[in-house]
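Under our numbering, the residue at position 271 of the sequence shown is numbered 280, and the numbers go up by one with no gaps.
Okay, so here's the structure we're looking at.
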Amino acid sequence: MPETRVLGIEGTAWNFSAAVFDEDLVCLHSSPYVPPQGGIHPREAAQHHAAVAAEVIGKVLAEAGDDIDGVAFSIGPGLGPSLRTAATAARSLALKYGVPLIGVNHCVAHVEIGRWYTKFTDPIVLYASGANTQVLGFLNGRYRIFGETLDIGLGNALDKFARSHDLPHPGGPIIEEMAKKGSYIPLPYTVKGMDLAFSGLMSAAKEATARGESMEDVCCSFQETAFAMCVEVTERALAHTGKDEVILVGGVGANSRLQEMLRIMCEERGAKFMAPPRVYMGDNGAMIAYTGKVMLEAGSTIPIEESFVNPGYRSDQVEVTWRNDAGELFAPGQSEITERGAEAAVDLTDTDAVKTRLSKGYRVPELDAHLIVERTRAEARCIAAARRGGVPVPIIRDVTGNAIVMEKLDGDVLKYIIGDEYAYEAGKSVGKLHKAGIVHGDLTTSNMIWKGGRVYLLDFGLAQMTDEIEPRGVDLHVLFQTLESTTSSPATLKQAFCDGYRSVFTGADAVIGREQEIELRGRYL
Ligand SMILES: C[C@@H](O)[C@H](NC(=O)OP(=O)(O)OC[C@H]1O[C@@H](n2cnc3c(N)ncnc32)[C@H](O)[C@@H]1O)C(=O)O
Ligand SMILES: [Fe+2]
């Protein structure tokens, strides 16, 4: 069968770009919109796209020839006016050539061009661009989002900071240059569970220059802090899934320090890392043409009358018809037992369990030391608070800078003995924990031990003190997912757990209700 040839059109934001892809990239042409001042103005970007569309597409078709089998375009996410301009061009070309139209998710296209270039089959993906920052991995027909920004994209944070100092758009590459001459000063580091936030960091960076810190130092610290946050979540996703490949995509992926940090993290864990070259990192037509081609081959086309753009289209909403692997949660030969923790190592003696937080070579030493000490202390504080709240937890014998020495619990890991009685007791322990103002952050049956008629809770590495319902709902959701995937009777176990949970905690119903909402949202946690 001859190779399918697809014309791809990208125009979600700053770049109007078109390409033809068959077995390889045939040609690619782009016309970037450069705002005269300030950031990207959606309507002006769309006007720019409309003005250059004929020329850019004309050049591509002149070079590649017009024997194409389909026309692909970015259907979302992106800026509404820009999306509509590119979509209009795509529709008219599909009609003109009498070929199918393919509506490509822009985020998934960043991922797919990365997979195409690196030849990695089942990687964890750090996708860092202007509007988006996500850690993704493939599981059962979809790209799951393991963690993402809760506020703005990393690129936008960099661009906005640069703009506040009258630097031209895009700020990311300028910050990269300035950062090379700077040294690290502390800025706020925000990882919440598996998610990230950048707007606090951006404000703190502005405040730092306002109080007289040098631009070079602040740029350096902005990068060191934000990138370490991204790499941390990427490493957690690796540990969680057992996958062993990492790729970096999206405009911010062009940054050589970010690439270096990911490379170091992967080397330390024995994973493979690759980043595609710059042309495939930022927005480009090749990623749309390539993804359009594999979608067309899988039969994923869209009728013209249904081809509305979707500015809020999420990567985890895409039905991935073109991958026929399931995506691994654990690579062959690996199991949860051999899972290498991302954060800490536990050594057992006859009587003690010593949990030592690991130093990370990708972080600047000062940030590394700070996070290790802070988190060790916070974990010890949560364990102590849980104990005061009557939750069965190990006794803490000692806390040093990077280690917690705890009582070793001789009991049965709940995962191996799970049954209704144990689930009920687990519900009581978690209920008491939540009542005491603590959220665990990583509740699985591997972190629970049955001893003396009670369920002990272990591993408070991601725990936090909070009164919010949402993270409590997430706690339950994570546990229920473990029950779903590791037991044959999750429904009765969940019921028993909830009975125990309600018996000790008056706020139980609100949390159980929230867990059901979280399940419906369908995001992978
Ligand atoms: C929805 C879509 O329109 C959007 N695309 C987008 O944001 O363009 P992209 O080309 O993937 O990324 C642009 C961002 O990438 C940053 N960037 C480019 N080179 C950089 C560098 N060397 N260091 C840091 N940031 C860089 C820019 O500052 C800008 O914020 C997205 O993927 O979220
Ligand atoms: Fe993009």
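Glycine included, each C-beta is placed from N, C-alpha and C at the ideal position.
Test item: CB-CB of residue i and residue j under 7 Å
i, j, result
"A295", "A28", "yes"
"C228", "I161", "no"
"A62", "A98", "yes"
"I426", "T454", "no"
"A213", "P197", "yes"
"A71", "F82", "no"
"A435", "M415", "no"
"K417", "T360", "yes"
"N149", "C116", "no"
"I154", "D325", "yes"
"V240", "Y152", "no"
"P320", "G20", "no"
"D508", "Y433", "yes"
"R272", "Q232", "no"
Nearest-angstrom Cβ-Cβ length linking residue i and residue j, presumed shorter than 8 Å
i, j, result
"L37", "I77", "Not really, about 15 Å apart at Cβ, beyond 8 Å."
"V258", "P285", "7 Å"
"G262", "L205", "Not quite, the Cβ-Cβ distance comes to about 15 Å (not below 8 Å), so this is no contact."
"F514", "K444", "5 Å"
"Y572", "P403", "Nothing about residue 572 can be read from this structure; the chain reaches only from 10 to 534."
"K369", "M274", "7 Å"
"D429", "A505", "4 Å"
"W23", "A55", "Going by Cβ atoms, the distance from W23 to A55 rounds to 11 Å, so no, they are not a contact pair."
"L376", "T234", "7 Å"
"V69", "Y193", "Actually they do not touch by this definition, with Cβ atoms about 44 Å apart."
"L540", "A166", "Residue 540 lies beyond the stretch modelled for the chain, which goes from 10 to 534, so this question has no answer here."
"G291", "G260", "4 Å"
Beta-carbon proximity list for residue i, same chain, < 8 Å, skipping 5 on both sides
i, result
"D168", "G48, G139, H178, P179, G180 and G181"
"E174", "It should be pointed out that residue 174 corresponds to His in this sequence rather than to Glu. The answer, listed in chain order, is T218 and M224."
"C391", "I447, F469, A472, Q473 and M474"
"V288", "L37 and A295"
"E121", "M296, Y299, T300 and V303"
"P480", "G202, V448, G450 and Q473"
"D334", "T130, D131 and F147"
"E32", "E12"
"W393", "According to the sequence provided, residue 393 is Ala. The question's Trp does not apply to it. Excluding residues within five positions, the ones whose Cβ falls inside 8 Å are I405."
"R530", "none"
"L159", "K201, D204, L205 and A206"
Neighbourhood of residue i by C-beta distance below 6 Å, restricted to the same chain and skipping five residues each side
i, result
"E345", "Because E345 carries a pLDDT of 43, less than 50, the predicted location of this residue cannot be relied on, and the following value inherits that uncertainty. Same-chain partners within the cutoff: there are none."
"Q46", "none"
"G342", "For G342, the predicted model reports a pLDDT of 45, less than 50, meaning its position is unreliable and no value from the coordinates is stated."
"D356", "V363"
"A351", "E244, R245 and A248"
"I527", "G482 and H486"
"P312", "none"
"V568", "Only positions 10 to 534 of the chain appear in this structure, which leaves residue 568 out of reach."
"G410", "V382"
"G398", "K441 and A445"
"L102", "V80"
Range of the contiguous beta strand (DSSP E) that encloses residue i
i, result
"G419", "Position check: residue 419 holds Asp in this sequence, whereas Gly was assumed. Neither: D419 is in no beta strand (DSSP E) and is coded neither H nor E."
"F282", "K281 to M283"
"I154", "R151 to E157"
"L257", "E254 to V258"
"E19", "V15 to E19"
"N24", "N24 to F30"
"D38", "Per the sequence presented here, residue 38 reads as His, with Asp not at that position. Here the beta strand (DSSP E) through H38 covers L34 to P41."
Segment limits, alpha helix (DSSP H) that includes residue i
i, result
"V402", "First-last for V402: undefined, no H or E at that position."
"L492", "I478 to T495"
"I297", "G294 to E306"
"D168", "L163 to S173"
"G410", "Per DSSP, G410 belongs to no alpha helix (DSSP H) and is neither H nor E."
"G67", "P51 to A73"
"I311", "I311 -> no alpha helix (DSSP H), and no H or E assigned at all."
Contacts around residue i, its chain only, beta-carbon distance under 7 Å, and the 5 residues preceding and following it disregarded
i, result
"L305", "T13, V15, D78, G79, P109 and I111"
"T127", "I256, M283 and P285"
"V400", "S438, K441, L442, A445 and L466"
"E348", "The predicted position of E348 is uncertain, since its pLDDT is 49 and thus under 50; no value can be drawn from it."
"A353", "K364, T365, R366, L367 and G470"
"V520", "H443, I478, R481, G482 and L485"
"S40", "F25, V61 and V65"
"W459", "G420, D421, L423, I426 and Y431"
C-beta neighbour in chain C for residue i, strict 7 Å
i, result
"G462", "Protein chain content of the structure displayed is limited to a single chain, and chain C is not contained in it."
Quiz prompt | Start-end ranges of the beta strand (DSSP E) lying completely within the region 314-383, minimum 3 residues | solution = 353-357 and 361-366
Quiz item: If you scan the region 445-476 from start to end, which runs of the alpha helix (DSSP H) of 4 or more residues do you find wholly inside it?
Solution: none
Exercise. Go through the region 184-238 residue by residue and report every complete run of the alpha helix (DSSP H) that reaches 4 residues or more, in order.
Key: 208-219
Quiz prompt | Complete beta strand (DSSP E) runs within the region 83-157 (minimum length 3 residues, chain order) | solution = 110-114, 133-137, 142-148 and 151-157
Practice problem: Would you list, in sequence order, the uninterrupted alpha helix (DSSP H) runs of no fewer than 4 residues that lie entirely inside the region 497-528? | Solution: 499-513
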